[in-house]
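Working notes for the structure below.
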Amino acid sequence: MDKTYQPDAIEQRWYQLWEQAGYFKPTGQGAPFSIMVPPPNVTGSLHMGHGFNNAVMDALIRFRRMQGRNTLWQAGTDHAGIATQMVVERQLAADNLTRHDLGRDAFIDKVWEWKEESGNVITQQMRRLGSSLDWSRERFTMDPQLSRAVLEAFVRLHEDGLIYRGKRLVNWDPKFHTAISDLEVESHEEKGSLWHFRYPLSDGSGQLVVATTRPETMLGDTAVAVHPDDERYRHLIGKTVRLPLADRDIPIIGDDYVDPAFGSGCVKITPAHDFNDYEVGKRHNLPMINILTIDAHLNDEVPDAYRGLERYAARKQVVADLEALGLVEKIDDHTLMVPRGDRSGVVIEPYLTDQWFVSTESLARPAIEAVENGSIQFVPKQYENMYFSWMRDIQDWCISRQLWWGHRIPAWYDEDGQVYVGRSEQEVRDKHQLGDRPLRQDEDVLDTWFSSALWTFSTLGWPEKTPDLATFHPSSVLVTGFDIIFFWVARMIMMTLKFTGEVPFKTVYVHGLVRDGEGQKMSKSKGNVLDPLDLIDGIDAAGLVAKRTGGLMQPQMAARIEKQTLKEFPEGIAAYGTDALRFTFLSLASTGRDIKWDMGRIEGFRNFCNKIWNAARYVLMNTEGQDCGVQGEVELSTADRWILSQLQRAQQDVSDALEGFRFDHASAAAYEFIWNEYCDWYLELSKPVLYGDQYSEAQKRGTRRTLVQVLEALLRMAHPFMPFITEEIWQKVAPLAGIDGPTIMLQPFPLADEALLDAGAERDIQWLKDVISAVRNIRGEMRIAPGKELDLLMQHGDSEDRRRADQQQTLLCKLARLSSVTQLADDQEAPPSATQLVGRLELSVPMAGLIDKDAELDRLQKEIERLNKEVSRGEQKLNNPSFADKAPEAVVAKEREKLDEYRRSLEHFEEQVARIRAL
1 MDKTYQPDAI EQRWYQLWEQ AGYFKPTGQG APFSIMVPPP NVTGSLHMGH GFNNAVMDAL
61 IRFRRMQGRN TLWQAGTDHA GIATQMVVER QLAADNLTRH DLGRDAFIDK VWEWKEESGN
121 VITQQMRRLG SSLDWSRERF TMDPQLSRAV LEAFVRLHED GLIYRGKRLV NWDPKFHTAI
181 SDLEVESHEE KGSLWHFRYP LSDGSGQLVV ATTRPETMLG DTAVAVHPDD ERYRHLIGKT
241 VRLPLADRDI PIIGDDYVDP AFGSGCVKIT PAHDFNDYEV GKRHNLPMIN ILTIDAHLND
301 EVPDAYRGLE RYAARKQVVA DLEALGLVEK IDDHTLMVPR GDRSGVVIEP YLTDQWFVST
361 ESLARPAIEA VENGSIQFVP KQYENMYFSW MRDIQDWCIS RQLWWGHRIP AWYDEDGQVY
421 VGRSEQEVRD KHQLGDRPLR QDEDVLDTWF SSALWTFSTL GWPEKTPDLA TFHPSSVLVT
481 GFDIIFFWVA RMIMMTLKFT GEVPFKTVYV HGLVRDGEGQ KMSKSKGNVL DPLDLIDGID
541 AAGLVAKRTG GLMQPQMAAR IEKQTLKEFP EGIAAYGTDA LRFTFLSLAS TGRDIKWDMG
601 RIEGFRNFCN KIWNAARYVL MNTEGQDCGV QGEVELSTAD RWILSQLQRA QQDVSDALEG
661 FRFDHASAAA YEFIWNEYCD WYLELSKPVL YGDQYSEAQK RGTRRTLVQV LEALLRMAHP
721 FMPFITEEIW QKVAPLAGID GPTIMLQPFP LADEALLDAG AERDIQWLKD VISAVRNIRG
781 EMRIAPGKEL DLLMQHGDSE DRRRADQQQT LLCKLARLSS VTQLADDQEA PPSATQLVGR
841 LELSVPMAGL IDKDAELDRL QKEIERLNKE VSRGEQKLNN PSFADKAPEA VVAKEREKLD
901 EYRRSLEHFE EQVARIRAL
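The UniProt record's numbering numbers the first residue of the sequence shown as 1 and each following residue consecutively.
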């Protein structure tokens, strides 16, 4: 092995070997276990959420593979309608072309060209994470077989009366001219205005004041609503107001939707341009007047003066005209949540348009029952409530998009506008006896969530009854973020139950979002984004600044982010390697909570990798070419039996935690055993045996065998978390343990063996550790050099203490750097000593000649004086009402913590002084 651990030297080499050898494929043996990867967008690139999600899935799949399960981790990508079309249209724009210049067919050909040349970057990046997906089965939602499944699903739903076309309100993107899903809308807090307008009563008896943040929409008002119990306006319900500028009379209606305490208690109702107003409009059978074109200009439904105006130009004109008429009551500054398209960045409009919908009520009922009866279990269970709340109030699903890239809707129209749905135009003609009558296909494509809702079974060959579908469906686990429970998880459950009669998965493991160290969401505008590949490979400060500020339009924002980045990462980001990154993700994976990223953790786990590497080098240097007792007789020491016993407990803890999706507990158990028990203690306990003359060859063989066997087992135990370093070391250790195999991936996950549990050895070594730690504490407190040999006195112990002292004296002297161990009678008087207690056992180290008593007391007294000043300062600050009552709670809490720490330190030093004076 190389002297130093260099992850870049091993990671990609091993991954290529694994993939080429086909180790990621199902073995065909054992009980099936399958995970369907949430298909990333084909346009996407790796972010921290992907890194976390993949680390969890790969840990599960490697764990089950090592358990002998017939594992499939299904690979694939989503065609990402808007995102992909946008990328290719941007390329065309560079040549002064639009998709309309090419025409639909040629444009689609262009998208496929892009996909073959530049798509799937993210799947290469997923390989860098060590994700052991079966790439030989990789699927794409626009593949012919998956497209066939989409077509079949649409037709069957339509035949069952569950798909219909209707005019409904949708999120409309005026830039891309398409409906979009709620998930593609990002609401941002922005400063705006709240305009208060006077609407005159038609009979001239007065006026009502309404408030709006979008004045231009008033031209589409069809009512003014008040609360039916509002005494101020109840007598006006049924009357009308004259809508200014439009010169239409619109009714005053009573509806519980209105909050009498908000504003004037009167609300303008624009059913075609507001989701809440749309519901009010349906309840009261109001006209729905769409006043916008597809690019958010005003259409012919408005008076001539406003036709053709862009929506914000129309806003200015409407306000100006109302001011001229004296109908503006007031204008207030107002902060509001503005919905913007996540791809286009433009403000989204609620827009009334003809779309295709899935009727979801009947699909939702069995999907709710599947969770209620335990066929599907959410982990953590609390997310069932989120699922139920949405499913029990589910709305019909808009599945059409006004794009060219995607699954084109299989519907055809004749000259009279009659619509026919079928698997092909020919099927439509034959079924409906249309002969040569001219037909045109619907121009729209399906929402990408429609095809991904079929993901668990379409990837396995449905609608054919394939062996894969019979073997791997339902899948075992879905790993996903809580933010797409509605958009994907719920729809998969509904669609899968509908078409297969099965649940899509048995368990939904829901994880939180990865946030920055301050708990903020990572975003380009905040300048706090981390790229997993930068954490793996490293990046200098200039490169990191360039990545974070690239593409920002505002120079002030770029300058702020540059300053912030250089403050946080003045030297850039070091290369930590994939294993350290994965272990960090898994250590932070507590159930359902958002992850606050911690650079200190990944640095610590990079050190953990170094620790394992160096431990392996020690083991190999002391076992290669030696008799490791694989076949011959061995004698196991107490330390050997102790570490074997601890290994069984660690294996059980890790296995139990992985079974229960507690990746944080599993990684903590593995870390504790590897670092603290094996590396820090057992390796040290092995040295006196390996290097000492007083031990027999059988004892040395026993220790060599234990070193190798435990290292080999812990590598298998850690493999699901840290695949690369464990494979690299295992290849060298396995032969010494008498194990033959091509890869650690296909070795069994270690099982706890109760026969190897040894409570006696555990108690004996715990006693030894406690005594050694106590001696080390005396050294530290008395500032005695680590290499200085000490005399140790033991007193007031019981028979077990005496037995252990005799039995472990060689190890005790070596590890605690002792020249002698003396057991005093209970009534014997010990010389002036520094003491520590281990249970009832008193440990004393005579201080004669070890420290300069006066100099040490002087040093401690100065430290006590300093701490007294800090305690006094802290108490004064916290007792000052101007600070304690007015400062932020977090600042006050931090000051209290500092004061408590000073008090603890002061108490410790005062105890030291008393102890030294007593010497």
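Idealized CB from N, CA, C, for every residue including glycine.
Fair warning: this is a prediction, and the values are worked out from it, not measured in the lab.
Simplified DSSP state of residue i, which is helix, strand or coil
| i | result |
| --- | --- |
| Phe505 | strand |
| Met722 | coil |
| His100 | helix |
| Glu754 | helix |
| Ser45 | coil |
| Thr597 | Note on residue identity: the sequence assigns Trp, not Thr, to residue 597. Looking at Trp597 - three-state DSSP - the assignment turns out to be coil, as it is neither helix nor strand. |
| Met745 | helix |
| Ser187 | strand |
| Asp806 | helix |
| Gln795 | strand |
| Trp114 | helix |
| Asn607 | helix |
| Val838 | strand |
| Lys788 | coil |
| residue 987 | Missing from the structure shown is residue 987; the chain here goes from 1 to 919 and no further. |
| Gly692 | coil |
| Leu572 | For clarity, residue 572 is Gly in the given sequence; the question names Leu instead. Of the three classes helix, strand and coil, the one that applies to Gly572 here is coil, per DSSP. |
| Leu460 | coil |
| Asn171 | strand |
| Lys381 | coil |
CB contact flag (residue i, residue j, <8 Å)
| i | j | result |
| --- | --- | --- |
| Ile237 | Gly254 | yes |
| Ile744 | Cys609 | no |
| Pro215 | Val319 | yes |
| Asn53 | Pro32 | no |
| His796 | Asp826 | yes |
| Gly527 | Thr565 | yes |
| Arg440 | Trp412 | yes |
| Val358 | Leu157 | yes |
| residue 922 | Pro251 | The shown model of the chain, from 1 to 919, leaves out residue 922, and the question about it has no answer. |
| Asp173 | Val42 | no |
| Leu714 | Leu790 | no |
| Trp409 | Val445 | Looking at the sequence provided, one finds Ile at residue 409 rather than Trp. Closer than 8 Å, so yes. |
| residue 1003 | Ala616 | Here the chain covers residues 1 to 919 and nothing more, so residue 1003 does not appear. |
| residue 967 | Arg340 | Residue 967 lies beyond the stretch modelled for the chain, which goes from 1 to 919, so this question has no answer here. |
| Leu403 | Gly192 | no |
| Thr141 | Ser476 | no |
| Lys506 | Gln377 | yes |
| Pro228 | Phe275 | no |
| Gly281 | Ile291 | no |
Exposed unless 16 or more other CB atoms sit within 10 angstroms - verdict on residue i
| i | result |
| --- | --- |
| Phe262 | exposed |
| Ala94 | exposed |
| Val419 | exposed |
| Ala179 | buried |
| Phe176 | buried |
| His235 | exposed |
| residue 969 | Absent from the structure is residue 969, since the part of the chain shown begins at 1 and ends at 919. |
Residue i beta carbon near the ligand MN (any heavy atom closer than 7 Å)
| i | result |
| --- | --- |
| Thr726 | By its list of ligands, the structure shown contains no ligand whatsoever, and the ligand MN lies outside what it can speak to. |
Q: Please specify which runs of the alpha helix (DSSP H), each continuous and at least 4 residues long, are wholly inside the segment 390-455, giving them in chain order.
A: 425-432 and 448-452
Q) Counting only runs that start and end within the segment 277-358, where is the alpha helix (DSSP H) found for 4 or more residues in a row? A) 311-324
Q. So, do the segment 537-555 and the segment 618-636 have three or more beta carbon pairs nearer to each other than 8 Å?
A. Touching, no, given that fewer than three Cβ pairs across the two stretches are closer than 8 Å.
Q | Touching by the beta-carbon criterion (3+ pairs, under 8 Å), the segment 328-343 and the segment 119-130 | A | no
Q: For the segment 475-550, list the beta strand (DSSP E) runs that are entirely contained and at least 3 residues long, ordered along the chain.
A: The qualifying runs are 475-481 and 505-511.
(Q) Across the segment 582-601 and the segment 710-723, are there enough close Cβ pairs to call them in contact, namely three or more that are closer than 8 Å? (A) yes
Q: Would you list, in sequence order, the uninterrupted alpha helix (DSSP H) runs of no fewer than 4 residues that lie entirely inside the UniProt domain "Valyl-tRNA synthetase tRNA-binding arm" (854-916)?
A: 881-884
Q) For the segment 385-398 against the segment 425-432, are there 3 or more C-beta pairs whose distance is under 8 Å? A) The segment 385-398 vs the segment 425-432: no contact.
Q. Is it true that the segment 847-854 meets the segment 894-902, where meeting means three or more beta-carbon pairs spaced less than 8 Å apart?
A. no
Q: May I have a chain-ordered list of the alpha helix (DSSP H) segments no shorter than 4 residues that lie completely inside the segment 173-218?
A: Secondary structure within the segment 173-218: not one fully enclosed alpha helix (DSSP H) run of 4 or more consecutive residues is present.
Q: With a floor of 4 residues, list each alpha helix (DSSP H) that falls wholly inside the segment 8-76, ordered by position along the chain.
A: The qualifying runs are 11-21 and 48-66.
**Q.** Sequence ranges, alpha helix (DSSP H) only - wholly within the segment 107-164, length at least 4
**A.** 121-128 and 144-159
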